[in-house]
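Here the structure is laid out as structure tokens; the discussion comes afterwards.
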Amino acid sequence: MKKGDLIFLSASVPYRKEWTEGVRPSQIEEFVVNVARAVFSRGGRLLFGGHPSISPLVASIASEYYKIDPQRKVRPVVTFQSELFRGQLPDETWDMYRLGFSSIIWRPDKGSKESSLTTMRSAMLGGWSAEEQSEHDLSPPRAMLTIGGMEGILEETAIFLRQRRKWPNGDRTPIYLSESSAGASQRLLEPMKNWDQRLWIGTPPGENDRRELYLAGQSQSLLSVEREWARVYQVPDFKAREYLPYASIAQWFVDSLDAPEALLGEDAR
């Protein structure tokens, strides 16, 4: 990746029982930390919707790579937030903003949690104003990476699939999902015959979201980041390992974005 590139991170530690099967919070947190390190070490930037289980992790890593500068204009982290949660943000989110590590871009409260989050997620992925684009140096993300998560990951993946058609790389903008993190990220990679029972739980997505995810699953355009890493480095039986080298996987993910096509998955070509 190049300096200033944005990576869209869709991640959370699942906590509702419908999504906690097989979840190991420590592995999700380790992966997020190593992704932040890999991105920042290459001069890249992270884009995500601030989440209380993710923002503190990113905040701790940003301070390792950037000096405190409250006047910094273009910041290494860009977070979108709904006004619905203005009074509920974790201290770490505000600390990242005050210390100059993160921008916060607000979107209006639409009266319900679902509508407010949909508005915020759509804004994150291209629904920004010309003023916001200039002020925060926003551009289409180079890639999407999901880790863990619940219904929000389903919606964000569907929105990303729609939006990427408008971007310079179009459908070639890769979407990587973490297979080892469980949650929605893993379930999106399961055989499609299980999707009705495994994905559409809790708040159902809109019909357009269901269609986008269904078509993506049919075309196999959703890539397992662990599986692709293992293929490139010829790592056998990676799923049998109790612990995966997330630092290596995260660095490969970042560096693969500018690698020859031979290093990318077949479905990314």
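Residue numbers 15 to 283, in this note's numbering, belong to the letters of the sequence shown in order.
Glycine included, each C-beta is placed from N, C-alpha and C at the ideal position.
Cut-off 7 Å between Cβ atoms - residues of its own chain near Y80, not counting five sequence neighbours on either side = As a first step, residue 80 is located in the sequence shown; it is residue number 66 there, counting from the start. Result list for Y80: P90, F115, in chain order.
Distance between E128 and G58 (C-alpha atoms, nearest Å) = Against the sequence shown, residue 58 aligns to sequence position 44. Against the sequence shown, residue 128 aligns to sequence position 114. For G58 and E128, the distance between alpha carbons rounds to 30 Å.
Is it right to say S270 is buried, meaning 16 or more other beta carbons lie within 10 angstroms of its own, or is it exposed?
-> On the sequence shown, residue 270 is found 256 positions in, with the first residue counted as 1. Flag for S270 reads buried.
For I21 and V53, believed in contact at Cβ under 8 Å, the rounded distance = Here residue 53 corresponds to residue number 39 of the sequence shown, with the count starting at 1. Here residue 21 corresponds to residue number 7 of the sequence shown, with the count starting at 1. Right, their Cβ atoms sit about 5 Å apart.
Cross-strand partners of T160 (DSSP beta bridge) = The residue you call residue 160 lines up with position 146 of the sequence shown. In DSSP, T160 forms a bridge with S24, L191.
Find out if the Cβ-Cβ distance for the pair Q41, S194 is shorter than 8 Å.
-> Position 27 of the sequence shown, counting from 1, holds the residue named residue 41. Position 180 of the sequence shown, counting from 1, holds the residue named residue 194. A contact, by the Cβ cut-off of 8 Å.
Uninterrupted beta strand (DSSP E) stretches inside the stretch 88-153 (no shorter than 3 residues) = 91-96, 116-121
For L168, name the three-state secondary structure that DSSP assigns.
-> Taking the first residue of the sequence shown as 1, we reach residue 168 at position 154. Helix, per DSSP.
Segment limits, alpha helix (DSSP H) that includes S233 = Numbered from 1 along the sequence shown, position 219 holds the residue referred to as residue 233. Looking at the DSSP string, the run of the alpha helix (DSSP H) that includes S233 is 221-233.
How close, in whole Å, do the beta carbons of G166 and S69 come, if the pair is a contact with beta carbons under 8 Å?
-> Taking the sequence shown and counting its residues from 1, the one referred to as residue 166 is at position 152. Taking the sequence shown and counting its residues from 1, the one referred to as residue 69 is at position 55. That pair is no contact at about 14 Å.
Does the Cβ of Y289 have 16 or more other Cβ atoms within 10 Å, making it buried, or fewer, making it exposed?
-> Since the first residue of the chain shown is 15 and the last is 283, residue 289 is not available in this structure.
Starting from R59, follow its DSSP beta bridges and name the residues at the other end.
-> Within the sequence shown, residue 59 is the residue found at index 45, counting from 1. The partner list for R59 (beta bridge, DSSP) reads L20.
Would you grab the beta carbon distance between I173 and S126 for me? Rounded to a whole angstrom, and I think it's under 8 Å.
-> Residue mapping note: residue 173 aligns to position 159 of the sequence shown, counting from 1. Residue mapping note: residue 126 aligns to position 112 of the sequence shown, counting from 1. No, I173 and S126 are not in contact; Cβ-Cβ is about 18 Å, not under 8 Å.
In the structure shown, what three-state DSSP assignment does S67 receive?
-> Residue 67 sits at position 53 when you count from the first residue of the sequence shown. The answer is coil: DSSP assigns S67 none of H, G, I, E or B.
Proximal residues to K17 (C-beta, below 8 Å), its chain only, five neighbours per side dropped | Start at 1 with the first residue of the sequence shown, and residue 17 comes out as number 3. R56, G57, G58, listed in sequence order.
Let me know the secondary structure DSSP gives L175 once reduced to three states.
-> As a first step, residue 175 must be located in the sequence shown, where it is residue number 161. Correct three-state label for L175: helix.
Alpha-carbon spacing of E32 relative to E170, whole angstroms | The sequence position of residue 32 within the sequence shown is 18, counting from 1. The sequence position of residue 170 within the sequence shown is 156, counting from 1. Using only the alpha carbons, I get a separation of about 19 Å.
State buried or exposed for D210, treating a residue as buried only when at least 16 other CB atoms are found within 10 Å of its CB.
-> For the purposes of this step, residue 210 is identified with residue 196 of the sequence shown, where counting begins at 1. Result: exposed.
Are the CB atoms of P146 and W120 nearer to each other than 8 Å?
-> Here residue 146 is taken as the residue at index 132 of the sequence shown, counted from 1. Here residue 120 is taken as the residue at index 106 of the sequence shown, counted from 1. A small correction: the amino acid at residue 146 is Glu; Pro does not occupy that position in the sequence shown. In this structure, W120 does not lie closer than 8 Å to E146 by Cβ.
Name the DSSP bridge partner or partners of S238?
-> As a first step, residue 238 is located in the sequence shown; it is residue number 224 there, counting from the start. Paired residue(s): L191.
Considering only residues of the same chain and omitting the five flanking positions on each side of D223, which have a CB-CB separation below 7 Å?
-> By one-based count along the sequence shown, residue 223 stands at place 209. Cβ within range, chain order: L168, E169, A172.
So V196 packs on V37, CB below 8 Å; how close in whole Å?
-> As a first step, residue 196 is located in the sequence shown; it is residue number 182 there, counting from the start. As a first step, residue 37 is located in the sequence shown; it is residue number 23 there, counting from the start. A small fix is needed here, since residue 196 is Ala in this sequence, not Val. 4 Å between Cβ atoms; contact.
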